[in-house]
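Here the structure comes first, spelled out in structure tokens, and everything after it is commentary.
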Amino acid sequence: VATAGDGTALDVFELQDGGGAPYGQAEPRRLTRLIATLEAAARGGARIATAPTPAPSPRRAAFDVRPTAIVDLDESPDAAVVEVSGADRPGLLADLARVLAANGLSIRSAHIAGFGERAVDSFYVTDSKGRKPGPGSKLERLRLELEAVLDRGDRAGTRVSTPVRASLRDVSEVGRRASAPDPVSRAPEAG
């Protein structure tokens, strides 16, 4: 994503289907529909809905992905670098962009990556006049808002692990056909 001084944004997307082939190669009508939707959005004629909250997922619950957001004013001379990391989910990028826009920031450049369940994104942002934002409480509030967005998706599908009590029963012989002597020695009976 690159935003020009007049507010025009240029986005370049490289899309693949689930098998790694170019998006729409197997089903060209899907690519045609996507192009029409993007063109309508660029003209301001498409309604953009927020992504639904993902359904609980046992797979996602197995991963502990802690949300983090960092605002770095030293990395670039012309922009603040906002780095976020958290559980990936549908609509996350749009939610993060809304927070940046609501805080009066323009995205000059975005670098988006995913590593398994984790999304790791970096945004080079400027203020409404195209300048690098200065330090202050506004950037701390931005950081907290971004972490809240990241945390919102992280809770979907999580479950509380219940400790399991180990059984004292010997199960080493379960399922064997021949009956074997009891492998557990017993204390002599009092007599």
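Using the working numbering, you'd call the opening residue of the sequence shown number 1293 and step up by one each time. For every residue, glycine included, the Cβ atom is placed at its ideal position computed from N, Cα and C.
Inset, instruction - State yes or no: is the beta carbon of G1316 nearer than 8 Å to at least one beta carbon in chain C? - result: Given the protein chain composition of this structure (a single chain), no chain C is represented.
Inset, instruction - Using a threshold of 8 Å, state whether the C-beta atoms of G1378 and V1357 are closer than that. - result: In this structure, V1357 lies closer than 8 Å to G1378 by Cβ.
Inset, instruction - Along the beta strand (DSSP E) that carries A1372, what are the first and last residues, could you check? - result: Taken as a continuous stretch (DSSP letters only), the beta strand (DSSP E) holding A1372 covers 1372-1379.
Inset, instruction - Inspect the CB distances between the region 1411-1425 and the region 1325-1339 and report whether three or more fall short of 8 Å. - result: With the cut-off at 8 Å, the region 1411-1425 and the region 1325-1339 do not touch.
Inset, instruction - Look at the alpha carbon of P1314 and the alpha carbon of L1307, and state the distance between them as a whole number of angstroms. - result: Computed Cα separation, rounded: 6 Å.
Inset, instruction - Alpha carbon to alpha carbon, how far is K1430 from S1368? Give it in angstroms, no decimals. - result: Note on geometry: alpha-carbon atoms of S1368 and K1430 lie some 19 Å from one another.
Inset, instruction - Give me the Cα-Cα distance between L1397 and V1373, rounded to the nearest whole angstrom. - result: A straight line joining the alpha-carbon of L1397 with that of V1373 spans about 11 Å.
Inset, instruction - List the whole-angstrom C-beta distance separating A1386 from L1442, where the pair is believed to meet the contact cut-off of C-beta under 8 Å. - result: Their Cβ separation, rounded to whole angstroms, is 13 Å, which puts A1386 and L1442 out of contact at 8 Å.
Legend entry - Classification of V1391 by the beta-carbon crowding that lies within 10 angstroms, buried from 16 upward: Its Cβ being crowded by 16 or more others within 10 Å, V1391 is buried.
Inset, instruction - State yes or no: is the C-beta of A1389 within less than 8 Å of the C-beta of I1399? - result: Yes, these two residues count as a Cβ contact at 8 Å.
Inset, instruction - List the endpoints of the continuous alpha helix (DSSP H) containing A1334. - result: In the DSSP annotation of this structure, the continuous segment of the alpha helix (DSSP H) that includes A1334 starts and ends at 1320-1334.
Inset, instruction - Check D1364 in the structure and name its three-state DSSP category. - result: In the three-state reduction of the DSSP assignment, D1364 falls in the strand class.
Inset, instruction - Please list, in chain order, all residues of the same chain as D1370 whose beta carbon is under 7 Å from its beta carbon, the five residues on each side excluded. - result: Taking C-beta separations shorter than 7 Å and ignoring five residues to either side along the sequence, the partners of D1370 in its chain run K1424, following chain order.
Inset, instruction - Starting from the C-beta of R1322, find all residues in its chain whose C-beta is less than 8 Å away, skip the five residues before and the five after it, and write them out in chain order. - result: Excluding positions up to five away in sequence, the list reads Y1315, G1316.
Legend entry - Proximity of L1434 and V1376 at Cβ, strictly below 8 Å: Here L1434 is not near V1376, since their CB atoms are 8 Å or more apart.
Legend entry - Distance, G1428 Cα to G1311 Cα: Whole-angstrom Cα-Cα distance: 45 Å.
Inset, instruction - Would you kindly report the start and end of the unbroken alpha helix (DSSP H) that includes V1391? - result: First-last of the alpha helix (DSSP H) with V1391: 1384-1394.
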